[in-house]
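Participant: In the working numbering, the protein residues as written are 151 to 459.
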Amino acid sequence: MIIFDCHCDTLALLKDKDTFYTDNSLNAPYSALVEGKVALETFAVCSPATKNGYIDRANKMIQRYNDITSHGRLKKILTVSDLNDVICGKAMGALLAFEGADLLCGDVDAVDRYFDMGLRILTLTWNNSNPFCGGIGDDKEGLSESGKALVSRCNQKGILIDVSHISNKGFWDVAEMMESPFVATHSNAYSLCHHKRNLNDDQLCAIAKANGIVGMNFYPPFLNDEGIATLDDVIRHIEYIASLIGTDHIAIGSDFDGVDGNLPKGLEGAGELQKIPNRLLKLNYSEDDVKAICYANYLRVLKCVLPDA
């Protein structure tokens, strides 16, 4: 069964080297994506302003995205018609995301330039607050006026809004103003694991109400309170969220190559992703439900938000 992954940080490990097609030490190199039947991977550019040289670092990652999609094996996903090519099996899709709006330097208009460069998913913050929104744990700040303008601009252009990493107030500000689906590409259920990056039941229900999705994150501290995890923990979060909001709002958001090699036993790389649909089928989930979780839910949201052509 094909997989659409909502989030990986592989570009961060490739910023200084062009080894996507040869480096099997990565969690998600090309060979592992093929082995795991990944039909679409979401490549995040994560370069928070808290790090020196963050603009240069981000530009290197964007260049690497251009490099890995220039060989004919990965296709940039810019429009709905590009998604159709992926579903037909003509190419593996590569979607560009920004994990944090720091790169916009407080300028809403800058998103237009990055859209032209391929940006299609925007996480408003990466933990730290920025001029647009409060970061995770910032109980005072939500969307600023420029943040609201940024969300509106993204909605107009066809950029999917990701609420992973943002403050609780920011989450509800986004939920209140959205008329199209929004997502949490790599977050889990707070009721099962009390990490501040996870989503409480009210937040999960709000995403479902907006017809959005939550991508299951494989980082063990997001899966259980012990911080050591297995495939069973990922399945546990899927089952809990399915019981709360149904299978139509669950996806895969691995966070491969963004967790310092700390992954669940049995899911140490993209080549092992087929274990998820296999396990769900053994648990008597219907094939339609498993397809929904593995790719169809994410596909639905992207078709709703991305430009047609």
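Each residue gets a CB set at the ideal place from its N, CA and C atoms; glycine is no exception.
(1) Count Cβ pairs between the segment 277-293 and the segment 430-438 that sit closer than 8 Å; are there 3 or more?
(2) Taking the C-alpha atoms as reference points, what is the distance between K307 and L272?
(3) How long is the line joining the alpha carbons of A325 and A356, rounded to whole angstroms?
(4) Residues in its own chain within less than 6 Å of T380 by CB, not counting five upstream and five downstream?
(5) Under three-state DSSP, which class holds G365?
(6) Is the number of C-beta pairs between the segment 246-263 and the segment 171-187 that are closer than 8 Å three or more?
(7) Give me, in chain order, the residues of the same chain whose beta-carbon lies closer than 7 Å to that of L164; leave out the 5 immediate sequence neighbours on both sides.
(8) Taking the CB atoms as reference points, tell me whether C444 and M151 lie closer together than 8 Å.
(9) Taking the alpha carbon of N348 as the reference point, which residue from I395, M366, P331 has its own alpha carbon closest?
(10) Let me know if G243 comes out buried or exposed under the rule of 16 or more other beta-carbons within 10 Å of its beta-carbon.
(11) Which of the three DSSP states, helix, strand or coil, is assigned to K240?
(12) Tell me, please, which residues DSSP counts as bridged to V333.
(13) Put L246 into one of helix, strand or coil per three-state DSSP.
(14) Mind checking H344: buried by the 16 CB within 10 Å criterion, or exposed?
(15) By the three-class DSSP mapping on this structure, what secondary structure does A189 have?
(16) Return the first residue and the last residue of the alpha helix (DSSP H) that K210 is part of.
(17) Please report the residue range of the beta strand (DSSP E) in which L224 lies.
(18) Can you tell me whether C158 is buried or exposed? The criterion is at least 16 other CB atoms within 10 Å of its CB, across all chains shown.
(19) Is C255 buried or exposed, if buried means 16 or more other CB atoms sit within 10 Å of its CB?
(20) By alpha-carbon positions, which one of V451, T335, T397 ends up nearest to D405?
(21) Buried or exposed for N447, going by 16 or more other Cβ atoms inside 10 Å?
(22) Just the Cα atoms here: how many angstroms apart are I426 and E389?
(23) Would you check if the distance between the CB atom of S337 and the CB atom of D351 is smaller than 8 Å?
(24) What's the C-alpha gap between F332 and D323?
(25) Buried or exposed, going by whether 16 or more other CB atoms sit within 10 Å of the CB of I205?
(26) Name, in chain order, the residues that DSSP records as bridge partners for A401.
(27) Determine contact between the segment 293-306 and the segment 225-238, defined as no fewer than three beta-carbon pairs at a distance below 8 Å.
(28) Tell me which same chain residues have a C-beta within less than 7 Å of the C-beta of A189, skipping the five on either side of it?
(29) Is the distance from the Cβ of A208 to the Cβ of D407 below 8 Å?
(30) Nearest chain D C-beta to H315 closer than 8 Å, yes or no?
Facilitator: Once the coordinates are examined:
(1) With contact defined as three or more Cβ pairs closer than 8 Å, the segment 277-293 and the segment 430-438 are not in contact.
(2) Cα atoms of K307 and L272: separation of roughly 12 Å, rounded to the nearest angstrom.
(3) 7 Å
(4) P414, K415, G416
(5) strand
(6) no
(7) Only residues of its own chain outside the window of five on either side were considered, and among them F170, R214 have a CB closer than 7 Å to the CB of L164, listed in chain order.
(8) yes
(9) M366
(10) buried
(11) coil
(12) D312
(13) In the displayed model, L246 falls within a strand according to three-state DSSP.
(14) Its Cβ having fewer than 16 others within 10 Å, H344 is exposed.
(15) strand
(16) Going by DSSP, K210 is part of the alpha helix (DSSP H) stretching over 204-218.
(17) 224-226
(18) Buried is the call here.
(19) exposed
(20) It is T335.
(21) buried
(22) 12 Å
(23) no
(24) 12 Å
(25) exposed
(26) G365
(27) Verdict: no, contact absent.
(28) I152, I153, F154, V236, M242, G243, Y445
(29) no
(30) Among the protein chains of the structure shown there is no chain D, as only one such chain exists.
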